[in-house]
Every structure is written in C-alpha cells, then in structure tokens.
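Using our numbering, the letters of the sequence shown map in sequence onto residues 126 to 413.
Positions of the beta carbon are idealized from the N, C-alpha and C atoms, including for glycine.
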Amino acid sequence: MFQLITDACCDLPATVLDQEKVAYIPMMLDLDGKEYVDDLGQTFDYSWFLEQLKQNKQPTTSQINVGRFMEHFRPYAEKGIPLLYIGFSSGLSGSYNSSLQAVDLLKEEYPEAMIHCVDTKAASLGVGMLVMHAAAMQQAGKSLDEIVAWLETYQSHLRSWVTVDDLKHLERGGRISKAAAVMGGLLNVKPIIHVDAEGRLQNVDKVRGRNKAIQKIIQETQNDIDLSILNHLYIAHTGDDATVAKVATQLQELYPDTPITQFPLGPTIASHTGYGCIALFSMGTKER
126 MFQLITDACC DLPATVLDQE KVAYIPMMLD LDGKEYVDDL GQTFDYSWFL
176 EQLKQNKQPT TSQINVGRFM EHFRPYAEKG IPLLYIGFSS GLSGSYNSSL
226 QAVDLLKEEY PEAMIHCVDT KAASLGVGML VMHAAAMQQA GKSLDEIVAW
276 LETYQSHLRS WVTVDDLKHL ERGGRISKAA AVMGGLLNVK PIIHVDAEGR
326 LQNVDKVRGR NKAIQKIIQE TQNDIDLSIL NHLYIAHTGD DATVAKVATQ
376 LQELYPDTPI TQFPLGPTIA SHTGYGCIAL FSMGTKER
C-alpha cells in the first residue's frame, strides 16, 4: 500500500483526484489584498475568478513552503505509509525544493519514512497527465518503484504547447518586456510557448492572430507526437470555451482513437497566463 499525492498546479478537479484516490496540497493566491485557496474547485469560485482576469486584475501566487509540505506528508510518515509526491516543475516554482527539505526534516523524526518526490518539470495538465497515468499504474498493481521509474523516464517526453491571448500577464511575470507586450497587443501578435527540459517556459515563436496561434500549437503537437507512450491528449484553458471545443474537435479528427481530456487551468496557473490561454499536452518521440 502506498499513497500518491500531488499539488493544485496539476489542474485536475478535486472530484477526479478523489475518484483516483490521489491526495493533493492546495495552493494559495492573493487578489486585491485577500487570500484565496486554490482547492481544485471544492470551494473556489472559478467563474468569478475568470471575470477578474477579464478585468485585468492581477492575482499573485505563492509556493508551498516547507511547513505545509510537512503538514501534508506527516500523517503518512506517522502511519508508515509510503508516499509518492508528483510535483509542479522546479523550473517554475520553489515548491519542489521545499518538498525535499520537508522530507529531510520528517526523516529526522521518522527515519523509516518512505517519501519519494518526483519533479515533473511540467505545469498544469502536464502534471495532471502524469498523475493520472501514475494512478492508473497503481490501480493496475504496479509498485511504487515501477511508477517512479516510469515517471523519471517519460516526464522528459512530455510536450506542453501554449498560447495566450493577453500579453499583460506574461509581461508582469517577466516573460516579455513591457515594450514587447504593448507592440504585440497593437499588432495582434500571439506568443508560442513551450516548457523546456529544465521545466521552464520558453517563448519559441510568435504569430499574427489568435487562429494562427491555435493552429501552430496543434501543428507542433503533431510534429513529434508518440501515442505509444501514452495514448491520451489533454487540453487546459482559461475561458474561451467555443475555441476550446473547436480545438478538441480538430484533435479528435486527427486522432480518432485517442481520448481527449479538457479542464480549465486552475487559478494558480491562470494567474500567470490570463484569460484566453490554451495549452496542449502530449507525449513526444524524443526527450525535450
């Protein structure tokens, strides 16, 4: 017996994680001086949050600190239940490193504790995709070691292709300059972003117009997709349901035998992308 645990940056709904018997650690964000809990839809009002993003409100987020990791890991250490944490990219947050520090501290109290932390070097449903496969492996009777080996082998094959509609949030996060954001807005330029081998966001291209940006991330997904590793595609988004439906339909026509799962970006990730972000996740033939 062992327990899988992730964090709210996986962007899987709490109901899905509960069904898969995966525990999770909420994230915290601040908007207009008030703190909110990203609990994957249990209490958070996501429709209200989308309206705030449309109004160009600027939420701020914080990483999971050592104390909160210890709080969530301790019950398993006390009971001698092995734990596998599948976490948000160390290239985008200090949370993963905090998890390692928490494990070291807990092992001073519980030397026999078995807690393994995996850095997915991914975000949003990229993490979620790996979590769901790990849960499926567990339910199929695979051992903790077998799941860790799979994750460490194939997380580097994960592809994340992203485009955003609002450049202001990328500018605020330091991904582009203020001048580039202003000029991009005037020229209707949309960035093409992927997550690199270190788990960091990289602007790799830019195109004129929303439709071209959407087609670009679909084409990039097609370029080296490997469904033999994991026959599943994931779509994450902030609003713009009509466009997301078109993307899902196009992908289903391209890959009729492949399940396609779509969920909204959670508020933690959406705080950095703004309204209108669309991200595609798949497995690729080569390492990132």
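- When C-alpha distances from Val332 are compared across Asn313, Tyr380, Trp275, the shortest belongs to Asn313.
- With distances taken between CA atoms, Gly166 lies nearest to Gly391 out of Gly409, Thr398, Gly391, His397.
- In the structure shown, Ala248 adopts coil according to DSSP, grouped into three states.
- Unbroken alpha helix (DSSP H) stretches of 4 residues or longer found wholly inside the region 373–409: 392–398, given in chain order.
- Annotated as proximal: Val256 and Val147, with beta-carbon spacing under 9 Å.
- Judged by pairs of C-beta atoms under 8 Å, the region 346–359 touches the region 399–408, as three or more such pairs exist.
- With respect to the C-alpha of Gly364, the residue from Arg199, Leu175, Thr398 having the closest C-alpha is Leu175.
- Taking 9 Å as the cut-off, the Cβ atoms of Ser285 and His319 count as close.
- Per the DSSP secondary-structure output, Cys242 pairs in a beta bridge with Tyr210.
- Secondary structure note for Arg284: its beta strand (DSSP E) is the uninterrupted segment 283–288.
- DSSP places Asn190 in the coil class of the three-state scheme, outside both helix and strand.
- With fewer than three CB-CB distances shorter than 8 Å, the region 138–147 does not count as touching the region 369–385.
- In terms of CA proximity to Tyr201, Phe127 leads the group Asn336, Phe127, Met262.
- Cys135 is positioned such that its CB atom lies no closer than 9 Å to that of Ser220.
- Per DSSP, the beta-bridge partners of Gln327 are His319.
- The criterion of a C-beta distance shorter than 9 Å is satisfied by Ala248 and Leu217.
- DSSP, reduced to helix, strand and coil, places Thr131 within a strand of the structure shown.
- With respect to Leu178, Thr393 sits apart: the two C-beta atoms are not nearer than 9 Å.
- Nearest C-alpha to Cys242 among Gly266, Pro236, Ser214, Leu250: Ser214.
- Bounds of the beta strand (DSSP E) holding Ile360 are 358–362.
- Judged by DSSP secondary structure, Leu154 falls outside any alpha helix (DSSP H) and instead within the beta strand (DSSP E) spanning 152–156.
- Judged by their CB atoms, Ile360 and Ala404 are nearer to each other than the 9 Å cut-off.
- Secondary structure note for Asp143: it is in no beta strand (DSSP E), and the uninterrupted alpha helix (DSSP H) holding it is 139–144.
- When DSSP states are grouped into helix, strand and coil, Thr368 belongs to the helix group.
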